[in-house]
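Numbering (full-length UniProt numbering), first residue to last: 1 to 346.
The beta carbon of each residue, even a glycine, is placed where N, CA and C say it ideally should be.
Here's the structure we're looking at; comments come further down.
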C-alpha cells in the first residue's frame, strides 16, 4: 500500500476514535464510529487476497448494521426524552437497542460470528488494530451509558462470551483465530463488571490491549500464523519465544503475571456485589482459555519440530528484537507487584 494512503488511513483511525471517546452528542459519536469503519476497511483488504476481501465485506456489513442501530437507539431516546446527550440515555427500548449495537461492534456473543473470520482474513498488524484500538470507541460508549443499561442482559452476554470464547478456541490451529476467541472471552470479563465498576472495565481493557500488542508484534516479528510454524521458532529466537511464553500465560491470567490483576479485581468486585455464582462461573470458564494459551505456549517453547536429517540448528537470527516488543513484553508480565497502587486509583 502507498505510504501516503496508509498515513491518511491511520490518522483517520485515530481521529475517529478520538471523536467518539470525547463526544457528548450521539451524532458526533456515530460519526466517529463511521470514520473508524471507513478507515480500517482499506487496511483489511490491502492484500487483495479473496479472504481479505471477504473479511472486509463481512466487517463492513456488520459495522454498518451496528452503526445504524446506534443511530436508531439515540433517535428513539431523543424522540421520547428530548435528549441527545450520551449520558442521558434513559428510554428502555433505546438501552436495549444500544446494548445490541455495542455487542455487534465489540463481537460479544451472540453477535461474535464476524470477528474470528475478519481477523483470519487480515494481516497481523491489522488484526492488532481490530483487537485493540477498534474496541476502544464502543467500550467508551458502554462506559458512558453503563448506569442505565440492563445488568442482567450484560451479565448473560458476558458469561456466554467467556464460555464460547474459551470453548471455540480449543480446536483451532490458526493463531489469529485463537486470538480472536481469546478477545471474545476477555470481552466477557470486561462486560460483566461495567455496570458495577466501570473503571475496572477500562483497566481490564488497557491491560488486555498491552498484552495483545505484545503477542501480535512478537508473532509479526517471527512471521508466524499457524501452530505448526510456531513450533519452529524456538531454535531461531529463543529469548523472544521465552517472553512469548510468559506473555501468553499472562493473557491466560496466571499469577504472578500482569494478566492475573484484572481477573482478581473483577472476581473481588463481583463477590462484593453478591454475584458469587457469576464469579465462580467466570473462573471455571477461564480454564478453557488457559488450555489453549498453554497449547500456544507449549508449541512456542517446549515442542521442537521433527528432523529427518542431522543438521546444525540456527540458534540465532540476525534480526534484532524491536525495543517496543521488549517494553511491551516486560510490562505484560511484571505489573502485578504495583497492584495496590492500581487498586487505589480505581
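It is roughly 35 Å from the alpha-carbon of residue 40 to the alpha-carbon of residue 339. Proximity to residue 109 across 147, 146 and 157 peaks at 157, based on C-alpha coordinates. Per DSSP, residue 38 is one residue of the alpha helix (DSSP H) stretching across 26-44.
Beyond the five residues adjoining it in sequence on each side, residue 131 comes within less than 6 Å, by CB distance, of 183 and 212 in the same chain, given in chain order. Take residue 301, set aside five residues on each side of it, and the residues of its chain with a beta-carbon closer than 7 Å to its own are 234, 241, 242 and 245, in chain order. Residue 174 has 226 as its beta-bridge partners, per DSSP. With a cutoff of 8 Å on beta-carbon distance, residue 97 and residue 72 are scored as near each other. Secondary structure in the region 145-221: the alpha helix (DSSP H) runs of 4 residues or longer, each lying completely within the stretch, are 151-168, 175-193 and 198-221 in chain order. Under a 10 Å Cβ-count criterion, residue 239 is classified as exposed, with fewer than 16 other Cβ atoms of the shown protein chains found around its own Cβ. In this structure, residue 43 keeps its C-beta atom at 8 Å or more from the C-beta atom of residue 136. For residue 291, the number of other beta carbons within 10 angstroms of its own is below 16, and it is reported as exposed.
A straight line joining the alpha-carbon of residue 92 with that of residue 323 spans about 49 Å.
Cα atoms of residue 153 and residue 48: separation of roughly 39 Å, rounded to the nearest angstrom.
Our two residues, residue 214 and residue 30, have alpha carbons roughly 30 Å apart in a direct line.
A direct Cα-Cα distance of roughly 20 Å separates residue 141 from residue 80.
Segment contact: the region 216-228 against the region 257-268, fewer than three CB-CB distances shorter than 8 Å; contact not assigned. About 3 Å separates the CB atoms of residue 32 and residue 19; that is less than 8 Å, so the two are in contact. Setting aside the 5 residues that flank it on each side, residue 62 is surrounded in the same chain by 104 and 114, each with a C-beta closer than 7 Å to its C-beta; the list follows chain order. Closest in C-alpha terms to residue 341, from the list 191, 203 and 274, comes 203. With respect to residue 177, residue 118 sits apart: the two C-beta atoms are not nearer than 8 Å. Our two residues, residue 190 and residue 145, have alpha carbons roughly 15 Å apart in a direct line.
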